[in-house]
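Accompanying notes for the structure given below.
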Amino acid sequence: MANKRLVIALGGNALGNTPEEQLELVHNTAAPIVDLIEEGFDVIVTHGNGPQVGMIKVATDNSATKVGGTPSIPFPECGAMSQGYIGYHLQQAMQREFARRGMDKACASIVTQTVVDAADPAFQDPTKPVGAFFTEEEAAKLMEETGNKYVEDSGRGWRWVVASPAPVRIVELPLINNLVDAGMCVISTGGGGIPVVEEDGGYKGVPAVIDKDRSAALLAGEAKADMLVILTAVDRVCINFNKPDQEELASMTVAEAEKYMEEGQFAKGSMLPKVEACLSFVKANPEGKALITSLERAKEALAGETGTVITA
Ligand SMILES: Nc1ncnc2c1ncn2[C@@H]1O[C@H](COP(=O)(O)OP(=O)(O)O)[C@@H](O)[C@H]1O
Ligand SMILES: NC(=O)OP(=O)(O)O
C-alpha cells in the first residue's frame, strides 16, 4: 500500500525572525518532521516567509537610498530569495537529521511559483503583514516616510502590510509530485509560492505575498495529500482563546468550524486563516483530513493524542 501523504505547513515559530534564530530553530523543526517520515509518511514541507521576505525587501530598499548601495529588489524576487534562504536552512537541517538517524533519504527545496488572478481585488487592499514588528509610533513614522501601509498584527505589534491574492495554481506541481512519488522529501511553495500571473504563454512575477496556509491547502489538494498538517505554536485550536473559560478542541466538522467562525472565535490574521485553509482543503477533498497542532507535538497529534482534526 502507498504511504500516506502529508503536506506540512510550518509557522513562524519554526523559523524565527532573523538568520541566526532561523539557523538555530530549523534543527528543532527538522526532528519532528523526520519523526513522521521515519513513521512512513511521505512529506511535502511548506513554510511561511512573512518576516524573511519583509527583511529582504527592506534591506534592499534601504540600501538603494545609499551611495554605492544595491538596487531595490522587487517583491517577487524577494519572495524567490526567501524561498532559497529558508529552503537552504531547512534542507540542511533535514539532511543532518536523516544522517544522524542513518536514514537513506533525500530532501530538496523547489523554487515554486503560484499563479494568482491579476484582477484579484486583494491587489487593491493590502492585508498580509511582512517584516519586523514596530510600535505604533514607529509605524506612524514609517508610514509617513515610505507611504507603505502598517497595521496592528494580532496584538503583537505593527507591521507593513502588502497585497495577498488567493492562490490559484501551483506551477511546479507535476515536478513536486514526481519527486514525492520517487520517495524524496520536498520543500515547496514557500511563503505561499512566488506570486505570478500568466502572460504571453509564460509567467510574470507580481508584487504580493500569498498566505502560506491558503497555498498549503491548495497544494495538499493538488498533490492528493491524505492530510494537511498546519504546525504552529499551540497544541490545539481553542474556543474562548485566552479567556478563563478557554476550551481546547480535539476535532471540528466544517459545520462546527463555520459556527465558531461566525462567533468570531478565531483571531483574524493568526488562527482564522489556518482554520479557513483547513476548511478549503476538506471541502474540496472530503476524504482528506486537516490537522492543526504544534510543531513539538506533531507526532503525538498524528497518533490522535493531541491536535485539532478538521473533517468534512
Ligand atoms: N482560537 C484560537 N485558538 C488557538 N490559538 C489561537 C486562537 N486565536 C488566535 N490564536 C493564536 O494564533 C497563533 C497562530 O497564528 P500565527 O502565530 O499567526 O501563525 P504561524 O504559526 O503561521 O506564524 C497561535 O499561536 C495563537 O497564539
Ligand atoms: N507567506 C506567509 O503566509 O508567511 P507567514 O506565515 O510567515 O506570514
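Residues 307 to 618 in the numbering used here are what the sequence shown lists, from first letter to last.
In this text, a Cβ means the ideal position worked out from N, Cα and C, and glycines have one as well.
Cβ-Cβ separation between Gly-354 and Leu-316: approximately 7 angstroms, consistent with a contact (criterion under 8 angstroms). For ligand 1, residues qualifying as neighbours are Gly-317, Gly-318, Thr-538, Ala-539, Val-540, Val-543, Cys-544, Phe-547, Phe-572, Ala-573, Ser-576, Met-577, where qualification means a beta carbon closer than 5 angstroms to at least one of its heavy atoms (chain order).
For the pair Ala-529 and Phe-587, the Cα-to-Cα distance works out to about 11 angstroms.
Note that the C-beta distance between Ser-600 and Ala-539 is below 8 angstroms. If you check the CB distance, Val-467 and Pro-435 come in under 8 angstroms. By DSSP's assignment, Pro-501 forms a beta bridge with Thr-420. Boundaries of the alpha helix (DSSP H) harbouring Met-567: 560 to 568, taken from the DSSP string. For Met-533, the enclosing beta strand (DSSP E) begins and ends at 533 to 538. In chain order, Gln-419 place their CB closer than 6 angstroms to the CB of Val-477, counting only its own chain and leaving out the 5 sequence neighbours on each side. Ranked by Cα distance from Glu-554, the options Thr-614, Asn-368, Lys-455, Leu-525 are led by Thr-614. For Pro-338, the CB contacts under 7 angstroms within the same chain, skipping 5 residues up- and downstream, are Leu-601, Glu-602, Ala-604, Lys-605 in chain order. For Gly-511, the uninterrupted beta strand (DSSP E) segment begins and ends at 508 to 511. Rounded to the nearest angstrom, the gap between the Cα atoms of Asp-551 and Ile-545 is 8 angstroms.
One alpha carbon belongs to Arg-462, the other to Tyr-456, and they sit about 13 angstroms apart. For Ile-482, the enclosing alpha helix (DSSP H) begins and ends at 479 to 487.
The three-state reading of DSSP puts Glu-554 in strand, counting E and B together. Contact between the segment 317 to 326 and the segment 354 to 368 is present: 3 or more CB-CB pairs across the two stretches fall below 8 angstroms.
Contact annotation, Gly-498 with Val-486: C-beta distance approximately 19 angstroms; criterion of less than 8 angstroms not satisfied. With contact defined as three or more Cβ pairs closer than 8 angstroms, the segment 380 to 390 and the segment 331 to 350 are not in contact. Nearest in C-alpha terms to Pro-427, of all of Pro-473, Arg-407, Val-417, Glu-403, is Pro-473. The C-beta distance from Asp-532 to Lys-580 rounds to 18 angstroms, too long to fall under 8 angstroms, and the pair is not in contact. Taking 7 angstroms as the cut-off, one finds at least one heavy atom of ligand 2 near enough to the beta carbon of Asp-517. Under the DSSP definition of a beta bridge, Lys-434 partners with Val-468. Contact check for Val-417 and Pro-501: beta-carbon distance about 13 angstroms, past the 8 angstroms limit, so the pair fails to qualify. Taking non-hydrogen atoms of ligand 2 into account, the C-beta of Gly-498 is found less than 7 angstroms away from one of them.
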